[in-house]
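Chains as they are written, first to last, in full-length UniProt numbering: chain A, 1 to 295; chain B, 1 to 307. Contents: one structure, followed by commentary.
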C-alpha cells in the first residue's frame with residue numbers, strides 16, 4: 001500500500017472508531033432519558049419509596065444524596081484546601097513531598113469498594129457510629145480528597161508567580177499573599193473542580209453501601225433539630241442514597257416495578273450530573289470574568 | 001534599651017500569621033498521609049487474619065477453586081479457593097483494556113492530530129460526560145440492554161465475563177482517552193515538523209513518530225484504565241452473574257473479587273472465617289491497586305530516561 005492510501009485508510013478507521021464512541025455516548029444518554037423520563041413525575045420525586053408495592057418514589061433517597069454531598073464537601077474541602085496550599089506553595093522538592101504525592105496517588109487509585117469497606121470497619125464498627133450519613137460522608141471524603149487536593153494544587157500553581165512577587169513586594173506576609181492574592185485568583189479553577197467532584201460524589205455508590213447503609217427510615221422533614229432521631233438533618237441516621245437505591249432495586253429488591261424505578265432514578269441521576277457539569281462551566285467562566293475584569 | 005530590643009526581636013503579627021498558616025497546611029497534609037496509612041493498616045490486618053488467626057493456607061487461597069468459606073473440605077480445611085474470582089477479575093480487566101485501547105487511541109489521535117480544534121471542542125464534553133455517568137447507571141444499562149442482547153445472540157443467561165467486559169469497556173474508555181490525549185499533546189511540535197518535512201504523511205508521522213514518542217504515556221494510560229476496571233464493583237456485580245465458580249467461557253456466570261465482596265460481606269459476621277476470607281479478597285484488591293501504581297511509576301521512570 002502506498003503511503004497516501006495507507007494515510008487515507010488510517011484516517012478513515014480513526015474516524016469510524018471516533019464515530020462509534022460518539023454513538024455509544026449518544027446511545028447511553030438517549031436510552032437513559034428515553035427509558036427514564038416517562039417515569040419521572042412529581043409524584044415519583046416527592047413520595048417515599050416502597051419496599052414491596054409498586055409506585056414508590058425517591059424523595060428520601062434524593063434528599064439523602066444531596067445532604068450527603070453537602071456533608072462530604074464540608075468535611076473534605078478544608079482538608080483539601082490545606083493540602084493543596086501545602087503542595088503548591090510550601091512543598092520542597094524532597095523525599096517527603098515525594099512520599100506525600102505517592103500517598104495521594106495511592107488514595108486516588110484505591111477501588112471505591114475498598115474505601116467503603118475501610119469506612120465500614122473503622123467508623124461503623126470501631127467508632128460505633130453505625131450505618132450513618134456521617135460515616136458515609138467520611139468514607140466519601142477519602143474518595144474525594146485526592147481529586148480535590150490535586151485540583152486545588154493545580155489551580156494554585158496556575159496562578160502566575162508575578163502575583164506572588166507583587167504581594168510580597170508590597171510587604172505582605174507569605175500567608176497573606178496566599179490567602180489574599182493567590183487564592184482568589186485560583187478560585188474559578190477551584191470552584192469548577194468542586195462542582196465536578198460533587199458530580200462524582202453524587203453518583204458514587206460502592207463506598208456507601210456499607211457506610212451510609214441501604215435502608216432509609218422514615219424521616220420527619222419538619223424537624224429541624226439535627227440531634228433528634230427522626231429529623232431529616234440528623235447525620236447519625238442510616239441513609240440510602242439515589243445511586244445505592246438503583247443498585248439495591250436491581251440486585252436485591254422485590255418491588256414489582258424495579259425496572260421503572262431504576263430507569264427513573266437513573267434519569268434523575270444523569271440529569272443532576274449534567275446540570276453539575278453545565279453549572280461548573282458556567283460558574284467557572286462567570287467567576288473568572290468577574291475576578292479578572294475581562295468583561 | 002531592653003524594651004526596644006525586645007520589641008525588635010519579637011515576632012511580628014505577620015510572622016505569626018505565617019507560622020499559623022503553614023501549620024494548618026502541614027496538619028492537612030499529615031492528615032492525608034495518615035488516612036492512607038490507616039487504610040493500608042486496617043485492610044491488611046483484617047485481610048491476613050484468615051491466614052494468621054484462622055490458619056488457612058495462603059497457597060490454597062491463591063490456587064484452589066472451591067469458594068465456600070463457611071464449609072470445611074474433606075481434609076478439614078476451610079474452602080477458601082479464591083482463584084475463580086482472581087481469574088475473572090483479571091479476565092474482565094484485560095479484555096476491557098484490550099477493547100478500549102484502540103477506541104481511546106483513535107479518539108486521542110483525532111483530538112490531537114486530525115482535528116485539534118473542532119475535534120477537541122466536540123469530543124472533550126463527550127469524554128467528560130462518559131466519566132460523569134455513575135457506575136450504577138452503567139450497571140443498569142448493562143442489566144437491561146447488554147445482558148439481554150448477549151442472551152439473545154450467544155445464548156446462555158447473558159450474565160458473565162462478556163457482559164462485564166462490555167460495561168467496563170465504556171467505563172475505562174474516558175480514563176484511557178484523556179490520559180492518551182495528555183501524553184500525545186506532550187510530544188513536542190518539532191517532532192512532527194521534522195517528520196512532515198521529510199515528506200511523511202500524517203499517518204506515518206502519527207504512527208512512527210508521535211505514537212512512539214508517547215508510548216510511555218499511553219502505557220500509563222492503559223494501566224490506569226486497568227486499575228479502574230479492576231476496582232470497579234457495582235456495575236460489574238450487576239452483570240457478571242455472581243457465581244463464585246471457575247468461569248467456563250465468556251458467557252457463563254462468574255464472579256470478580258469486587259462483586260463477591262459487595263454481595264457477600266453483608267451476609268457474614270465480623271471476625272468469623274467467612275468474613276475474614278472476604279477481607280482477604282479486599283486485601284488482594286488493595287495489593288493489585290498498589291501494583292498498578294508501581295507499574296505506572298516504573299513506566300514513568302523509564303519514559304523519562306529515554307528523553
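A virtual CB, placed ideally from N, CA and C, is assigned to each residue, including glycine. Predicted, not measured: the structure shown is a model, and the values here were computed from it.
Of the listed residues the options, nearest to residue i (C-alpha basis)
i                      : options                       : result
residue 146 of chain B : B/216, B/292 and B/158        : B/158
residue 389 of chain B : A/4, A/9, A/25 and A/3        : Since the first residue of chain B shown is 1 and the last is 307, residue 389 of chain B is not available in this structure.
residue 201 of chain A : A/222, A/182, A/226 and A/112 : A/112
residue 373 of chain B : B/85, B/79, B/295 and B/234   : Outside the modelled stretch of chain B, which goes from 1 to 307, sits residue 373 of chain B, for which no answer is possible.
residue 1 of chain A   : B/244, B/55, B/203 and B/261  : B/203
residue 47 of chain A  : A/290, A/267, A/61 and A/38   : A/61
residue 77 of chain B  : B/64, B/91 and B/89           : B/64
residue 254 of chain B : B/243, B/264, B/262 and B/261 : B/243
residue 197 of chain A : A/147, A/187 and A/132        : A/147
residue 203 of chain A : B/14, B/138 and B/119         : B/138
residue 296 of chain B : B/221, B/176 and B/235        : B/221
Span of the beta strand (DSSP E) around residue i
i                     : result
residue 70 of chain B : 67-72
residue 80 of chain B : 78-80
Beta carbon proximity, residue i to chain A, threshold 9 Å
i                      : result
residue 222 of chain B : no
residue 180 of chain B : no
residue 262 of chain B : yes
residue 140 of chain B : yes
residue 204 of chain B : yes
residue 92 of chain B  : no
residue 183 of chain B : no
residue 38 of chain B  : yes
residue 14 of chain B  : yes
Start-to-end residues for the alpha helix (DSSP H) that takes in residue i
i                      : result
residue 226 of chain B : 215-231
residue 128 of chain B : 116-132
residue 171 of chain B : 161-185
residue 249 of chain B : Here residue 249 of chain B belongs to no alpha helix (DSSP H), and DSSP marks it neither H nor E.
residue 308 of chain B : No statement about residue 308 of chain B is possible, as the shown extent of chain B runs from 1 to 307 and does not include it.
residue 13 of chain B  : 13-52
residue 239 of chain A : No alpha helix (DSSP H) holds residue 239 of chain A; DSSP gives it neither H nor E.
residue 107 of chain A : 95-109
residue 237 of chain B : 234-240
residue 3 of chain A   : 3-36
residue 137 of chain B : 135-141
residue 126 of chain A : Careful: residue 126 of chain A lies outside any alpha helix (DSSP H) and carries neither H nor E.
Interface flag, residue i vs chain B, CB-CB below 9 Å
i                      : result
residue 300 of chain A : With chain A covering only 1 through 295, there is no way to say anything about residue 300 of chain A.
residue 165 of chain A : no
residue 114 of chain A : yes
residue 102 of chain A : yes
residue 44 of chain A  : no
residue 285 of chain A : no
residue 129 of chain A : no
residue 31 of chain A  : yes
residue 289 of chain A : no
residue 200 of chain A : yes
residue 15 of chain A  : yes
residue 95 of chain A  : no
residue 142 of chain A : yes
residue 220 of chain A : no
residue 203 of chain A : yes
residue 151 of chain A : no
Pairwise C-alpha distance: residue j and residue i
i                      : j                      : result
residue 157 of chain A : residue 91 of chain A  : 12 Å
residue 23 of chain B  : residue 82 of chain A  : 9 Å
residue 75 of chain A  : residue 39 of chain B  : 18 Å
residue 300 of chain B : residue 214 of chain B : 11 Å
residue 102 of chain A : residue 152 of chain A : 17 Å
residue 137 of chain A : residue 51 of chain B  : 32 Å
residue 48 of chain B  : residue 142 of chain A : 23 Å
residue 108 of chain B : residue 96 of chain B  : 18 Å
residue 109 of chain A : residue 6 of chain B   : 52 Å
residue 153 of chain B : residue 4 of chain A   : 39 Å
residue 312 of chain A : residue 42 of chain B  : In the structure as shown, chain A begins at 1 and stops at 295. Residue 312 of chain A is therefore absent and cannot be evaluated.
residue 249 of chain A : residue 268 of chain B : 21 Å
residue 212 of chain A : residue 86 of chain A  : 31 Å
residue 17 of chain A  : residue 104 of chain A : 34 Å
residue 57 of chain B  : residue 99 of chain A  : 34 Å
residue 10 of chain B  : residue 17 of chain B  : 14 Å
residue 68 of chain B  : residue 259 of chain B : 15 Å
**OP:** Could you please tell me which residues of the segment 229-250 of chain B, in chain order, have their CB closer than 8 Å to any CB of chain A?
**Re:** 230, 231, 232, 233, 234, 237 and 238
**OP:** May I ask you to list, following chain order, the residues of the segment 268-292 of chain B that have a beta carbon less than 8 Å from some beta carbon of chain A?
**Re:** 270, 279, 282, 285, 286, 289, 290 and 292
**OP:** Select from the segment 161-176 of chain B all residues with a C-beta closer than 8 Å to any C-beta belonging to chain A, and list them in chain order.
**Re:** 170 and 173
**OP:** Could you name the residues of the segment 208-221 of chain B whose beta carbon sits closer than 7 Å to any beta carbon of chain A, in the order they occur along the chain?
**Re:** none
**OP:** Report the residues of the segment 67-82 of chain B with a CB closer than 7 Å to any CB of chain A, ordered along the chain.
**Re:** none
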